[in-house]
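*Asks:*
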Amino acid sequence: MPKNSLKYAILLVLLGVVAYNSVYFKKLDEVKAAAGPNANQTFDAAAYASTFWSSKLLPAAPGATDLNTLITLLKTDKEKAFATYSHALGIGNIRYFLVKAEGKITAVGDNDVTVTLSSGESIKLATEYIFGNAARDASGLIRITEFDNTMDLNNVSSELNSIIRTKVVPDLKASAKPGSQLNFVGAIELNREHLHLENLEVIPIVVEQRAEGMGQRALEVN
Numbered sequence: 274m275p276k277n278s279l280k281y282a283i284l285l286v287l288l289g290v291v292a293y294n295s296v297y298f299k300k301l302d303e304v305k306a307a308a309g310p311n312a313n314q315t316f317d318a319a320a321y322a323s324t325f326w327s328s329k330l331l332p333a334a335p336g337a338t339d340l341n342t343l344i345t346l347l348k349t350d351k352e353k354a355f356a357t358y359s360h361a362l363g364i365g366n367i368r369y370f371l372v373k374a375e376g377k378i379t380a381v382g383d384n385d386v387t388v389t390l391s392s393g394e395s396i397k398l399a400t401e402y403i404f405g406n407a408a409r410d411a412s413g414l415i416r417i418t419e420f421d422n423t424m425d426l427n428n429v430s431s432e433l434n435s436i437i438r439t440k441v442v443p444d445l446k447a448s449a450k451p452g453s454q455l456n457f458v459g460a461i462e463l464n465r466e467h468l469h470l471e472n473l474e475v476i477p478i479v480v481e482q483r484a485e486g487m488g489q490r491a492l493e494v495n
């Protein structure tokens, strides 16, 4: 046999051995068992959001950062404010804060309710455009490792925003009147690199409103 033919034959044999040892088969039941009992289950974003809302986010509301204190610190020491009070699941300049404050309603618009805080700062409670990740990320109570993919993560944001639109906003819009006092807890989104504190918008999570001379009414507590 020519030397070249012998060389090629040996090479083919070696490749065959390598290929044989590189391929193996497992029973389908073994693969499913290794993947775990929830491998074939579809993530239920609505159920997750509902549980998170009632068992984590609302209980965390009383411990939210005072918005007046936060605004003052953002003006004097931005880096400390972000490092101490902000949260986010990803890296970057977009960060979220869970805040609380009290103030007086000064205007009611189609898209928001303007509130003057006790410090004199003016903010807006959103009533129309409830979107983004503020409600999901502001508390810092969700971990990215809980999710298999970004779609599930984004769906949780959508479901939380839906809860706010259906549970919080309708009563706020129906009851908001200029001159009324209210307490609120909400979520805000700020850009650390391009910080703008004018026209600050808050996504409402808990709102307690009272008219002058009347008792306080909780618009969203459950």
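In the numbering used here, the protein residues as written are 274 to 495.
Quick reminder that beta carbons are idealized off the backbone N, C-alpha and C, glycines included.
Just verifying my parser: in three-state terms, what is the DSSP assignment at V479?
*Replies:* Note: V479 maps to strand in three-state DSSP.
*Asks:* Output yes or no for whether 8 Å exceeds the beta carbon distance between Y369 and I478.
*Replies:* Not a contact, by the Cβ cut-off of 8 Å.
*Asks:* Since I403 and G452 are thought to touch, with beta carbons under 8 Å apart, how far apart are those beta carbons, to the nearest angstrom?
*Replies:* So it is not a contact: roughly 25 Å between Cβ atoms.
*Asks:* I need the straight-line Cα distance from A449 to Q314, nearest angstrom please.
*Replies:* Approximately 43 Å between the Cα atoms of the pair.
*Asks:* Which runs of the beta strand (DSSP E) fall wholly inside the stretch 326-397 and span at least 3 residues, in chain order?
*Replies:* If we require 3 residues or more, the beta strand (DSSP E) runs fully inside the stretch 326-397 come out as 367-381 and 385-390.
*Asks:* Run the CB neighbour count on S412, radius 10 Å, all protein chains shown included, and call it buried at 16 or more, exposed below.
*Replies:* It is buried - the Cβ of S412 has at least 16 other Cβ atoms within 10 Å.
*Asks:* Just curious, the beta strand (DSSP E) that V441 is in, first and last residue?
*Replies:* Here V441 belongs to no beta strand (DSSP E), and DSSP marks it neither H nor E.
*Asks:* Out of V480, V441 and L426, which has the shortest C-alpha to C-alpha gap to G363?
*Replies:* The shortest Cα separation from G363 among V480, V441 and L426 belongs to L426.
*Asks:* Mind checking which residues open and close the beta strand (DSSP E) that includes N456?
*Replies:* Run containing N456: Q454 to N464, per the beta strand (DSSP E) assignment.
*Asks:* CB-CB under 6 Å to N456, same chain, minus the five flanking residues each way: which ones, in chain order?
*Replies:* These residues qualify, in order along the chain: E375 and E481.
*Asks:* Would you check if the distance between the CB atom of A354 and the CB atom of L340 is smaller than 8 Å?
*Replies:* No, Cβ-Cβ distance for A354 and L340 is not below 8 Å.
*Asks:* At a Cβ threshold of 8 Å, is T387 touching chain C?
*Replies:* You won't find chain C in this structure, because it holds only one protein chain.
*Asks:* Check for me: the alpha helix (DSSP H) holding R416 runs from which residue to which?
*Replies:* Run containing R416: none; DSSP gives neither H nor E here.
*Asks:* Helix, strand or coil: how does DSSP classify K433 here?
*Replies:* The identity of residue 433 in the sequence shown is Leu, whereas the question assumes Lys. Reduced to three states, the DSSP call for L433 is helix.
*Asks:* In its own chain, which residues sit with a C-beta less than 8 Å from the C-beta of L468, not counting the 5 before and 5 after it?
*Replies:* The answer, listed in chain order, is L347 and K351.
*Asks:* So what does DSSP say about L473, is it helix, strand or coil?
*Replies:* It is a strand residue.
*Asks:* For K397 and D383, what's the separation of their Cα atoms in angstroms?
*Replies:* Rounded to the nearest angstrom, the two C-alpha atoms are 12 Å apart.
*Asks:* Would A318 and E432 be called neighbours here (beta carbons separated by less than 8 Å)?
*Replies:* Yes.
*Asks:* Kindly indicate which three-state DSSP category A322 falls into: helix, strand or coil?
*Replies:* Helix.
*Asks:* Going by the CB atoms, is the gap between L445 and V386 shorter than 8 Å?
*Replies:* Yes; because the gap between Cβ atoms is below 8 Å, this pair is in contact.
*Asks:* When burial is assigned at 16 or more other CB atoms within 10 Å of the CB, is S327 buried or exposed?
*Replies:* The residue in question, S327, is exposed, as its Cβ has fewer than 16 Cβ neighbours within 10 Å.
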